[in-house]
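Residue numbers (this note's numbering): 15 to 233.
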């Protein structure tokens with residue numbers, strides 16, 4: 015098996031990808047790329063991509079796959095030669111995007127991409143999202159088990175309006191239609207682990223799964 019270079023964190027909204035990403039950042043040598051954070055950073059630094067995003071959002075539009083693909087490829091190409099594992103959170107969201115990822119760097123990534131899917135019951139997801147809080151400064155999310163009032167970056171924690179139950183169920187339906195097929199696309203490159211339980215229990219399952227991918231913890 016080729017050495018894994020890219021790990022995709024896959025799962026429904028509220029499955030716990032952010033918590034797992036934090037576990038990976040604390041215990042593994044990784045470059046963690048969250049699509050939302052990447053977009054905000056591109057806007058902040060005023061890059062060509064950021065200017066496009068700002069214009070689209072300013073007109074009330076949605077950022078298309080072409081821009082997201084370009085942004086992800088740019089960030090991957092900047093760190094691909096490092097020894098760190100690249101962790102993608104929030105990308106790919108469609109089979110088309112997964113195919114683009116496989117074709118990046120002239121197809122050199124395809125055999126080095128693995129996917130970790132967090133499986134959580136829909137009712138658990140609804141409960142989690144309706145109770146979660148989001149940092150207004152950095153975008154980190156916190157669940158009911160996080161007994162804090164301020165993010166580690168100093169930002170305030172708020173509940174988003176689009177985290178009410180009706181909106182969450184609509185997002186889950188959209189996920190099943192547009193994103194869930196990505197799992198079938200990856201086939202044997204994907205491992206599924208349960209996202210239920212306490213964070214430390216999920217973290218152990220994740221570490222066991224990564225060992226199957228021959229990904230070891232930071233020494």
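Glycine included, each C-beta is placed from N, C-alpha and C at the ideal position. Note that the structure is a prediction, hence the values are computed from the model and not measured.
Residue i lies in the beta strand (DSSP E); which residues open and close that run?
i	result
residue 129	127-133
residue 147	147-149
residue 99	99-103
residue 207	204-208
With burial defined as no fewer than 16 other Cβ atoms inside 10 Å of the residue's Cβ, what is the status of residue i: buried or exposed?
i	result
residue 78	exposed
residue 128	buried
residue 121	exposed
residue 71	exposed
residue 212	exposed
residue 97	exposed
residue 162	exposed
residue 93	exposed
residue 195	exposed
residue 23	buried
residue 198	exposed
Less than 9 Å between the C-beta atoms of residue i and residue j, yes or no?
i	j	result
residue 32	residue 133	no
residue 130	residue 216	no
residue 18	residue 229	yes
residue 67	residue 81	yes
residue 182	residue 140	yes
residue 220	residue 101	no
residue 42	residue 232	yes
Using a threshold of 8 Å, is the CB atom of residue i nearer than that to any non-hydrogen atom of the ligand ZN?
i	result
residue 98	The ligand ZN is not part of the structure shown, which contains no ligands of any sort.
Excluding five sequence neighbours on each side, which residues of the same chain lie with their C-beta closer than 8 Å to the C-beta of residue i?
i	result
residue 170	149, 150, 151 and 164
residue 153	48, 50, 51 and 54
residue 58	64
With respect to the alpha helix (DSSP H) encompassing residue i, which residues constitute its N-terminal and C-terminal limits?
i	result
residue 21	Careful: residue 21 lies outside any alpha helix (DSSP H), inside the beta strand (DSSP E) at 20-25.
residue 81	79-93
residue 57	49-59
residue 221	213-226
residue 154	That residue, residue 154, is in no alpha helix (DSSP H); it is neither H nor E in DSSP.
residue 162	From DSSP, residue 162 is part of no alpha helix (DSSP H); its letter is neither H nor E.
residue 72	62-72
residue 197	195-200
residue 31	31-41
residue 122	It is not in any alpha helix (DSSP H) - residue 122 carries neither H nor E in the DSSP assignment.
residue 234	Any question about residue 234 goes unanswered here, given that the chain covers just 15 to 233.
Apart from the five residues just before and just after residue i, which ones in its own chain have a Cβ nearer than 6 Å to its Cβ?
i	result
residue 158	145
residue 187	none
residue 114	83
In its own chain, which residues sit with a C-beta less than 7 Å from the C-beta of residue i, not counting the 5 before and 5 after it?
i	result
residue 177	143, 144 and 146
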